[in-house]
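Taken in order, the sequence shown gives residues -26 to -1, 1 to 323; the numbers are from mature numbering (1 follows the signal peptide of the UniProt record, and there is no 0). Glycine included, each C-beta is placed from N, C-alpha and C at the ideal position. Reviewing the structure listed below.
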Amino acid sequence: MVSGRALSQWMVALALCSLLSGPAVSDDTLEGDSVGESDAERDDDADRISNDRNVYELPDADVDVVGEVKTVMARREDTLLSIARQHGVGYEEIRRANPGVDVWLPGEGTPVTIPTRFVLPPGPREGIVVNLPEMRMYYYPEPDADGNRVVETYPISIGRMDWSTPIGETEVTMRLEDPAWFPPQSVRERAESEGRALPRRVDPGPDNPLGRYAIGLDVPGYFIHGTNRPAGVGMRATHGCIRMFPEDIESIVYRVNRGTNVRILNQPFKAGWSEAGDLYLQAYPSLDEDEDELAQKGVTPVVEVVAERLRERAARVDYPRLKEVAAEASGRPKSITRESASEELAKAD
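In C-alpha cells form, the structure reads like this:
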C-alpha cells in the first residue's frame, strides 16, 4: 500500500506522533499505549457489528439532520460499551445519553438510548470531516454509479488536553496495513517507572496500539488509525492522533485515496435544518482547554452559530430553549424553532 521510502518517512512521523504525546498516563488501560492483554484478544462483540451502521443517504443541501435516536434493551451479557460499539457510538456519547445506567452492568431488559441522530458539520460535504468536541468523524464517499451519495459517521478518540489533535485542513498522504509501533524513549521510560516494559518496536498484532490500519495525514506525526483497545474509542485518550474502532478503520482505509481532503473542526455547537424545516441545535461539552474562554463569551458562540443558519432562511427561534440546549450540552439534536402562532393557539384551546 505504501512505498519503501514512504514507509521510512512514516516510521519517523509515527515516532514523532508518540514523542508529541509525552509520557504515558494512568489511563493506558483504555488508551492502548501498552503491550499485553488487549481488547482484541477478547473481542466477543465483533461478530455482532454491522459495517453499514450509521450510513445515511446524504440529504439535499438545505437539509442538515440525519439519523434517529433509538432505544434498545440490554441483554444480560451486555455492557454499555458493547452496546455502543454495536451501534457505532463512542464512550462519552453512550454515557451521556444514559446517565442513570451502569457502564459495566446495565442489566438485562434495561432500556438503552442510542444517540444516532446528527446535525451534519458546517462546510463542504466532501472528504473527511472531524469534529473534536463531538469526538466523531464524518466521511463523504464519492457518488456511486447511479449518482447516489451517502454520509458515513464514526465515533473516534482524540488527543488528550496536553496533546490535542490539531485543528485545520489537511489531506490523506498514505495508507498503511499492519503498521509497527516504535515507542519513543520518553514513553518507554515512563512505562518502566510504572513497572511495565515496552520494547523498542511493537510488531503488528493484537498487542499493537495502532491496530491493523493507519491513514497518514499531511501533518507530521498525525494519523487516523485503529486500536487494540476498542473500549477507549469515544474519549480523549490519544497522543493527538485520531483513533477508530478496528472495523471502522478497516471499512474506510481502502476507500480513502491519497489527496482526500480532511477538515478537523472545533465546533461544540452545530445548527441545521431538518427535512420538516425546523432548526435544530446539537451541543457538546467544549474541550477542556477552551472552557475558560467560552465561559467569558457566554452565549455568544452558540448565538453566532444559529445566526449563520438564519441567514439562509427565516425561522422563529425559541431563545430560552436555545440557551437550555446549549447549557445542557447533551449531544442530542433538539429543535429550537418556536411553534407557529396557530399551533400555540390550538394548544391553548
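What are the residues that DSSP puts in a beta bridge with residue i?
{"i": "Thr201", "result": "DSSP lists no partner for Thr201."}
{"i": "Arg50", "result": "Beta-bridge pairing links Arg50 to no other residue."}
{"i": "Ile238", "result": "Val104 and Gly142"}
{"i": "Phe243", "result": "Ala257"}
{"i": "Thr45", "result": "Thr87"}
{"i": "Leu150", "result": "Ala188"}
{"i": "Ser309", "result": "Tyr254"}
{"i": "Met218", "result": "Ile130"}
{"i": "Tyr113", "result": "Ile102 and Glu126"}
{"i": "Val40", "result": "Phe92"}
{"i": "Val176", "result": "Trp155"}
In three-state terms, what does DSSP make of residue i?
{"i": "Glu126", "result": "strand"}
{"i": "Gly233", "result": "coil"}
{"i": "Val(-15)", "result": "Note that Val(-15) scores 40 on pLDDT, short of 50, meaning its location in the model is unreliable and no value can be drawn from it."}
{"i": "Thr90", "result": "strand"}
{"i": "Tyr65", "result": "helix"}
{"i": "Leu32", "result": "coil"}
{"i": "Leu184", "result": "coil"}
{"i": "Gly206", "result": "helix"}
{"i": "Ile57", "result": "helix"}
{"i": "Val227", "result": "helix"}
{"i": "Ser167", "result": "helix"}
{"i": "Tyr293", "result": "helix"}
{"i": "Val161", "result": "helix"}
{"i": "Val75", "result": "coil"}
{"i": "Val193", "result": "coil"}
{"i": "Pro275", "result": "helix"}
{"i": "Glu298", "result": "helix"}
{"i": "Arg287", "result": "coil"}
{"i": "Ala281", "result": "helix"}
{"i": "Arg27", "result": "coil"}
{"i": "Ala320", "result": "Any reading at Ala320 is ruled out, since the residue's pLDDT is 47, under 50, leaving its predicted position unreliable."}
Return the Cβ separation of residue i and residue j in integer angstroms, given the expectation that the two are a contact with Cβ distance under 8 Å.
{"i": "Arg283", "j": "Gly246", "result": "7 Å"}
{"i": "Met111", "j": "Ile130", "result": "5 Å"}
{"i": "Val291", "j": "Thr311", "result": "7 Å"}
{"i": "Trp155", "j": "Pro183", "result": "6 Å"}
{"i": "Glu108", "j": "Gly208", "result": "That pair is no contact at about 10 Å."}
{"i": "Leu54", "j": "Val75", "result": "6 Å"}
{"i": "Gly97", "j": "Arg210", "result": "With 8 Å as the limit, Gly97 and Arg210 do not qualify as a contact, their Cβ atoms being about 23 Å apart."}
{"i": "Gly206", "j": "Phe197", "result": "Not confirmed; about 16 Å, so no contact."}
Compare the C-alpha of residue i against each of the options and name the closest.
{"i": "Ser309", "options": "Pro194, Arg285, Leu261 and Lys244", "result": "Lys244"}
{"i": "Thr45", "options": "Val279, Leu255, Ala281 and Thr84", "result": "Thr84"}
{"i": "Val29", "options": "Trp155, Gly169, His61 and Ser56", "result": "His61"}
{"i": "Asp181", "options": "Tyr196, Gly200, Asn105 and Gly169", "result": "Gly200"}
{"i": "Gly133", "options": "Ile226, Asn235, Ala35 and Cys215", "result": "Cys215"}
{"i": "Arg123", "options": "Leu32, Pro183, Ala154 and Leu172", "result": "Leu32"}
{"i": "Met47", "options": "Val86, Arg70 and Arg59", "result": "Val86"}
{"i": "Leu296", "options": "Arg306, Gly305, Val277 and Asp36", "result": "Val277"}
{"i": "Arg27", "options": "Val37, Ala35 and Glu42", "result": "Glu42"}
{"i": "Ala250", "options": "Ile226, Phe219, Gln256 and Ala289", "result": "Ala289"}
{"i": "Ala171", "options": "Asp177, Pro178 and Glu163", "result": "Glu163"}
{"i": "Val193", "options": "Asn202, Met148 and Val176", "result": "Met148"}
{"i": "Leu106", "options": "Leu79, Tyr114, Gly81 and Gly64", "result": "Gly64"}
{"i": "Val104", "options": "Gly81, Arg175, Glu166 and Thr139", "result": "Thr139"}
{"i": "Asn202", "options": "Asp152, Trp78, Val161 and Glu302", "result": "Asp152"}
{"i": "Met126", "options": "Val40, Pro173 and Ala281", "result": "One point to set straight first is that residue 126 is Glu, not Met, in the sequence displayed. That would be Val40, whose Cα lies nearest to the Cα of Glu126."}
{"i": "Ala281", "options": "Tyr254, Gly121 and Pro307", "result": "Tyr254"}
{"i": "Ala301", "options": "Tyr187, Ala257, Arg287 and Thr144", "result": "Ala257"}
Kindly indicate if chain C contains any beta-carbon less than 8 Å away from that of residue i.
{"i": "Thr234", "result": "The question asks about chain C, but that chain is absent: this structure has only one protein chain."}
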